[in-house]
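There are 2 protein chains.
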Amino acid sequence: MKKERIVRSIAELRALIRSTGLRSTGPRVAVLQRLQQAITPMSHAEIAEALEPAGLDRATLYRNLIDLTDVGLLSRTDHGDHVWRFELRDQAHGQTEQHPHFTCIDCGEVECLPDTSIEVSAPHQSPRAIKRHHFEVQITGLCDRCAA
Amino acid sequence: MKKERIVRSIAELRALIRSTGLRSTGPRVAVLQRLQQAITPMSHAEIAEALEPAGLDRATLYRNLIDLTDVGLLSRTDHGDHVWRFELRDQAHGQTEQHPHFTCIDCGEVECLPDTSIEVSAPHQSPRAIKRHHFEVQITGLCDRCAA
DNA sequence: ATCTTTTTACAATATAGTTGCAAATACATA
DNA sequence: TATGTATTTGCAACTATATTGTAAAAAGAT
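Going down the list, the protein sequences come from chains A and B. Position 101 (the first sequence) corresponds to 171 in the working numbering; numbering is contiguous. Position 38 (the second sequence) corresponds to 108 in the working numbering; numbering is contiguous.
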């Protein structure tokens, strides 16, 4: 998905973390810094591997991913393949940046789709969240590479 | 989601299982019988609890759910909350019956939406699977009860 | 510089799902 | 209906993923 990428300096990331009430620590800055380079949501394993050099603890990473999600800096989703993935929420718009994700049921690759690509209509009895557009959409199928 | 429910007798279920090449066994019939009563996809834990009286083994249940999925009698999906859920595939139409699912991010309740409730358009670079309508859609958000 | 609270890092513990295998069962064939 | 063979079950052991307890370390307020 094309979007103007907002890249924050370390100092900005530290301020961002503090603004949520959390303390700014090495592991947290590292996680945000890595995620702001990511073009798709990353799994715990992928983040752990990327931050390998820092040698940070698995449990610490899990706790930080959850904490950062709780305060709204990250979103945590399962795209249909039973893997948690984390994505930086774009704070620039002051709200969740919603766009559908396409996940390959074979290779697990995740693709961000333009948020215009999906139209959800809300029939009679459907949840109010749908009418208010407060929802996330995950689409699963075979990606072009795996389908070939 | 409203649909004419197809209820099969035990004998019919046994024949259905055999028609896939699998042997008809107590656990397998029990699983199918339970799932054809289900109004939404069920997790392994839910099925296990429902079949508690039969006292059937966890591993056997897991294996059967996978086997029945492999031969196409069930579908296995993760609705965004990191829980595998199994659903009887309707063989009456000779194909996967596709409809979007709405899963509450709070209570985990799953709701089936009419397949007309979602319109996915396929822009330029999107996966071919989308253009061909070979995909599943999961929507997550707060259900009415949890939003209240 | 000091103090209090949060966070880390390690280990221990849960939870979900899988695998190995002997005994039991399904079902094809006689 | 009995018999033989391949599949399936049930138990236990195991793996992977995720969570929790806690003493020591670090953050940030004073």
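In this text, a Cβ means the ideal position worked out from N, Cα and C, and glycines have one as well. What you are looking at is a predicted structure, and each value in this text was computed from that prediction instead of being measured.
| Asked | Found |
| --- | --- |
| What separation, rounded to the nearest whole angstrom, lies between the Cα atoms of Leu-212/B and Cys-182/B? | 14 angstroms |
| Is DSSP giving Thr-139/A helix, strand or coil here? | helix |
| Note down, in chain order, each residue of its chain lying with its Cβ closer than 8 angstroms to the Cβ of Cys-100/B, except the 5 sequence neighbours on either side. | Contrary to the premise, residue 100/B reads as Ala rather than Cys in this sequence. Correct list, in chain order: Leu-121, Ala-124, Leu-126. |
| Grab me the residues of Ile-154/A's own chain with a C-beta within less than 7 angstroms of its C-beta, minus the 5 sequence neighbours each way, in chain order. | Strictly speaking, residue 154/A in this sequence is Trp, with Ile absent from that position. Result list for Trp-154/A: Ser-113, His-114, Arg-146, Asp-148, in chain order. |
| Could you tell me whether the Cβ of Ser-94/B comes closer than 7 angstroms to any Cβ of chain A? | no |
| Below 7 angstroms on C-beta distance, what does Asp-148/A contact in chain B? | Asp-148, Gly-150, Asp-151, His-152 |
| Assuming contact is defined by CB atoms lying nearer than 7 angstroms, are Thr-210/B and Thr-173/B in contact in what I supplied? | yes |
| Determine the extent of the beta strand (DSSP E) in which Gly-96/B is found, giving its start and end residues. | First-last for Gly-96/B: 96 to 105, but that is the alpha helix (DSSP H), not the beta strand (DSSP E). |
| When DSSP labels each residue in this structure, what does Glu-179/A get in the three-state scheme? | coil |
| For a test of the three-state rule: what should DSSP assign to Cys-213/A, helix, strand or coil? | coil |
| Against chain B, does Gly-164/A count as a neighbour if the rule is that its beta carbon must be under 7 angstroms from one of theirs? | Per-residue confidence for Gly-164/A stands at a pLDDT of 34, beneath the threshold of 50, marking its modelled position as unreliable; no derived number is given. |
| Would Asp-214/B pass as a contact of Gly-178/B if the rule is Cβ separation under 7 angstroms? | no |
| Taking only beta-carbon positions, decide if Glu-189/A is within less than 7 angstroms of chain B. | yes |
| On the DSSP bridge list, what partners appear for Ile-117/B? | Ile-117/B is not bridged to any residue. |
| What is the DSSP secondary structure of His-92/A, reduced to helix, strand or coil? | In the sequence as presented, His is not what sits at residue 92/A; that position holds Leu. Coil, per DSSP. |
| Rounded to whole angstroms, what is the Cα-Cα separation between His-171/B and Pro-197/A? | 11 angstroms |
| At 8 angstroms on the CB atoms, spell out the chain B contacts of His-204/A, in chain order. | Gly-211, Leu-212 |
| Where do the ends of the alpha helix (DSSP H) carrying Arg-198/A lie? | 198 to 201 |
| Would you please verify whether the beta carbon of Arg-198/B is less than 7 angstroms from any beta carbon of chain A? | yes |
| Starting from the Cα of Phe-156/A, find the closest Cα among Ala-218/A, Glu-116/A, Thr-95/A and give me that residue. | Glu-116/A |
| Would you decide whether Ser-89/B is buried or exposed? Buried here means 16 or more other CB atoms lie within 10 Å of its CB. | exposed |
| Could you pull the start and end residues of the beta strand (DSSP E) that Val-238/B belongs to? | Outside the displayed range of chain B (71 to 218) lies residue 238/B, so it cannot be described from this structure. |
| Please report whether the beta-carbon of Phe-156/A lies at a distance below 7 angstroms from any beta-carbon of chain B. | no |
| So, for Ala-162/B: in the same chain, excluding its five sequence neighbours on each side, which residues have a beta-carbon less than 8 angstroms away from its beta-carbon? | Confidence at Ala-162/B is low in this model, with a pLDDT of 40, below 50, so its placement is unreliable and the value that follows should be read with caution. Here the set comprises Ile-76. |
| List the residues that DSSP assigns as beta-bridge partners of Gln-208/B. | Gln-208/A, His-171/B |
| With a threshold of 7 angstroms between beta carbons, is Gln-208/B in contact with chain A? | yes |
| In three-state terms, what does DSSP make of Leu-158/A? | strand |
| Tell me the DSSP secondary structure of Asp-127/A in three-state form. | coil |
| Express the C-alpha separation of Leu-158/B and Ala-108/B in angstroms, rounding to a whole number. | 9 angstroms |
| Please state whether DSSP places Asp-185/B in a helix, a strand or coil. | helix |
| Within the same chain, show all residues whose beta-carbon is closer than 7 angstroms to that of Ser-94/A, passing over the 5 residues directly before and after it, in chain order. | Arg-84, Ile-87, Arg-88 |
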